[in-house]
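Chains as they are written, first to last, in this note's numbering: chain R, 30 to 532; chain X, -17 to 146. For reference, the structure discussed in these notes is given below.
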Amino acid sequence: MAMFSQALDVLLTTPAVFFAIIGVAWGILGGALPGLSPSITMALLLPFTYSLDPASAIVLLAATYIGAEYGGSIPAILIRTPGTNAAAATVIDGFEMNRQGKAGLALGISLYSGVIGSLIGLVMLVALSEPLSAVALSFRPPSYFALGILGLSVIASLSGGSLVKGLIAAVLGLMVATIGTDPVTGGNRFTFGTADLLAGVEPVLIMVGLFAVSELFVQTAEQGGQIRVESRARIEFPGIALARRLVPAQIIGSIIGTFEGVMPGAGGTVASFMSYNEARRWSRHKEEFGNGSPEGVAAPETANNTVAATAIIPLLSFGIPGSNSTAVLLGGFLIHGITVGPMIFVKSASTVYGLYGGMLVASIALLFIGMAMMGPCIWLVNRPRAYLNAFILALIFSGVFSIHQSLFDLVLVLIAGVVGFAMRMLKFPFLPTVLGLVLGYLIESNYRRSLVLSGGDHSIFLEDPIAVGFLAVAAVFVIGSLLQPALAAWRSRRRGEIRDVRG
Amino acid sequence: MANRRDLIGGLAAIAIGAGYLSMALEIRHSALDDAVGPAGLPKVLAFLMIGLGAILCVKAALAGGPARPAGPVSDEAATAEATGIRFSGIARAGGLLAIAAAYLLVVHPLGYLPSIFMLLVAASLYGGAALTWRVFAIGAGGAVFYWLLFVQLLGIPLPPGILG
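Rendered as structure tokens:
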């Protein structure tokens, strides 16, 4: 009950409702632009959140995430180009429906499935986050250190192609985290005599550089052709009979979206494709999949919007961002001095409950704003890329400068952009760098504080049951991720042998 | 043939690790130092970076051919592996970087409004927009829009420059 009253209080006493609506609209626009992922769309807003109250700032970012997941389906359906990676599965049947003259219906199914997914995801977020974090009230420095290590162990599952590259990216983030004042002695490290670096490098600057600026460099380097939307589709919602038919696909999408959202590193793309496959498996109209099946649009769109809410669970409960979007959301919390993780429900409960309330507003508003934004989205996608990129660069520079009125911040953003561009060119993942950056201080400070408490005795980490639990889970996570490719190869070989024997 | 991308990535990691190590070794000790000290983690990170870079170089030399798509399997991060950036694109991206750097140089003396106008025009032209009156009109409109948004609406003190 206290949660509802606090959420209502935030919604009534702050401009959070207004920013929920703005966030959804901005997210739809960003998601509809191929090349702008939800995380980039969110990162572009980060500088603006400085001047907002904490609840409004976090609601703005979370609502953007919700809007972007729907926005990605617009070009997926209209021009066979997913606006976000999570909308890739929607292309299969969404574009086919468009070819059959049912683009409006496909967009309507996508929109209303997205709303259902967001609402179910929000229910799961509210139900799971606080109980999971309750265990953490008894955390001590060794527990926090182990929590940081658990967060870093996510890298193993985020670096499927090359664990070495994932680790290098993580170490780079940890290196950046060491810049500034030493957490124990207060001495300066890697500041080059510059006062601007004494407080360290703000994660928000690195995120804007890595995600947004590097994307501009990449688009300039590639100079791809202009994509145009010729269709003038109007959103059309399904009738009662079709809506009933979509229910099983939406249930599948929301269940898979919940699990994939909670699992660090999985995310909307995996959830969308898994939901699509399972919806086809359980459908009475299997033959329609791939030929314009409405369920083929409903399942992935429900799943990716469910993920937009459930991916926040590990962030709130343990302070671990499992995806780029939640890493940017974490940046929003850090900007306002809010430490995400176990204590957030004690120290900043009103902000969290305000976030819940704002996400509820955003999820419902998505239905109306999604309809209203159709025209502006098509207009924006049809603008020449050269102008769009120039305006985005100007927005980044203006927004970042507004944080501290410092040109040094702009230099850092540009450096991060160049590093991000190089990482993308050499095919290094970003998320480990962001994880290293945001978890570096937590890990180092609590490791050293633990040793100060124990007089340098490392057995303190084995005497803390929570720390042991986290370290064990981290070990299982890493070993499981390392064994997974070998297991998959073994299964594939075995299937081949069985086929040979049968053949 | 060695995998060139991974080889470059490995060598870059070694260089970063070595540079970071040389700076870590210069961190001064103090009477307040704990058992690990302020240089403890940086040294570990530097050796880790050098070691991982060396492993990547060896793997690149042994594997040969184009790299397997490395990186995350997560949703948005997958864009990093989805892009097919060629080395010839570096110069084009460098041009945009130069435009951005030029903005940093002129924004204080010239002020926000003229600088953002120049940034919009230069970045649009560089991105492939045709050199007509339109690009200047859009640049001017955009500059005024951003000035109204940031300076007038949000009240952010952006550099006034010659107009101030």
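Glycine included, C-beta positions come from ideal geometry on N, C-alpha and C.
Item, Value
"Reduced DSSP category for R:N127 - H, G, I as helix; E, B as strand; rest coil", "helix"
"Chain X residues whose Cβ lies nearer than 7 Å to that of R:L439", "L86"
"Alpha carbon of X:G33 to alpha carbon of X:I(-4), nearest angstrom", "8 Å"
"Per DSSP, cross-strand counterpart(s) of R:G209", "R:R218"
"Chain-ordered chain R contacts of X:A106 [CB-CB under 9 Å]", "One detail in the question is off: residue 106 of chain X reads as Ser in this sequence, not Ala. Chain R residues near X:S106: P413, A415, Y416, N418, A419 and F420."
"Residue environment, R:S85, which counts as buried when at least 16 other CB atoms sit within 10 Å", "buried"
"Beta-carbon neighbours of R:A78, restricted to chain X and to distances below 8 Å", "It should be noted that the sequence gives Thr, not Ala, for residue 78 of chain R. Those within 8 Å of R:T78 in chain X number zero; the least Cβ separation is about 12 Å."
"Span separating the alpha-carbon of X:I120 from that of R:S322", "43 Å"
"For X:F26, three-class secondary structure by DSSP", "A quick correction: the sequence has Val, not Phe, at residue 26 of chain X. Helix at X:V26."
"Pairwise C-alpha distance: R:I108 and R:M236", "30 Å"
"Contacts around X:T65, its chain only, beta-carbon distance under 7 Å, and the 5 residues preceding and following it disregarded", "Low per-residue confidence applies at X:T65: pLDDT is 49, beneath 50, and the placement is therefore not dependable, though the value from the model is reported in the following sentence. Nothing meets the Cβ criterion."
"Chain R contact residues for X:L148, given Cβ-Cβ distances below 7 Å", "Outside the shown range of chain X, which is -17 to 146, sits residue 148 of chain X, and nothing can be said about it."
"Chain-order list of residues whose beta-carbon lies under 8 Å from that of R:V546 (same chain, five-residue window excluded)", "Here chain R covers residues 30 to 532 and nothing more, so residue 546 of chain R does not appear."
"Sub-8 Å separation of R:G18 and R:G96 beta-carbons", "Here chain R has residues from 30 to 532 only, and residue 18 of chain R is not among them."
"Exposure of R:G525, with buried meaning 16 or more beta-carbon neighbours within 10 Å", "exposed"
"Supposed close pair R:V200, X:L27 - CB separation, criterion 8 Å", "6 Å"
"For R:R414, the nearest candidate out of X:S97, X:H11 and X:Y108 (CA to CA)", "X:Y108"
"CB contact check: R:A423 to chain X, cutoff 8 Å", "yes"
"Per-residue contacts from X:K25 into chain R (C-beta, under 9 Å)", "The contacting residues do not exist; X:K25 stays about 10 Å from chain R at best."
"Span of the alpha helix (DSSP H) around R:R169", "Looking at the DSSP string, R:R169 is not in any alpha helix (DSSP H), and its letter there is neither H nor E."
"Residue-chain proximity (R:V24, chain X), Cβ-Cβ < 8 Å", "Because residue 24 of chain R is not part of the residues shown, which for chain R are 30 to 532, the question remains open."
"Assigned exposure category for X:E58 - 16 Cβ within 10 Å defines buried", "At X:E58, the pLDDT of 41 sits below 50, so the modelled position is not reliable; the number obtained from the coordinates is stated separately. Result: buried."
"Beta carbon of X:L148 nearer than 8 Å to that of X:I144", "For residue 148 of chain X there is no data in the structure shown, the boundaries of chain X being -17 and 146."
"Assigned secondary structure, X:M100 (DSSP; H/G/I helix, E/B strand, else coil)", "helix"
"Chain R within 8 Å of X:P96, Cβ atoms only", "no"
"Proximal chain R residues relative to X:A(-5), where beta-carbon distance stays under 7 Å", "I197"
"Below-8 Å beta-carbon distance, X:G109 vs any chain R residue", "yes"
"Sequence-distant residues of the same chain with beta carbon closer than 7 Å to X:A128, five excluded per side", "It is Tyr, not Ala, that sits at residue 128 of chain X in the sequence shown. Counting only Cβ-Cβ distances below 7 Å, and skipping sequence neighbours, we find I98."
"Per-residue burial, R:F374 [other beta carbons within 10 Å of its own, 16 or more giving buried]", "buried"
"Distance, R:L65 Cα to R:T207 Cα", "30 Å"
"Residue-level contact to chain X via CB, R:A250, 8 Å cutoff", "yes"
"Beta carbon proximity, X:R(-13) to chain R, threshold 8 Å", "yes"
"Sequence-distant residues of its chain with Cβ nearer than 7 Å to X:A104 (five each side left out)", "I81"
"Sequence-distant residues of its chain with Cβ nearer than 7 Å to R:F426 (five each side left out)", "L439"
"Best match in R:W519, R:P76, R:L491 and R:S377 for proximity to R:S172 [C-alpha to C-alpha]", "R:L491"
"Short CB-CB distance (under 8 Å) between X:F118 and chain R", "no"
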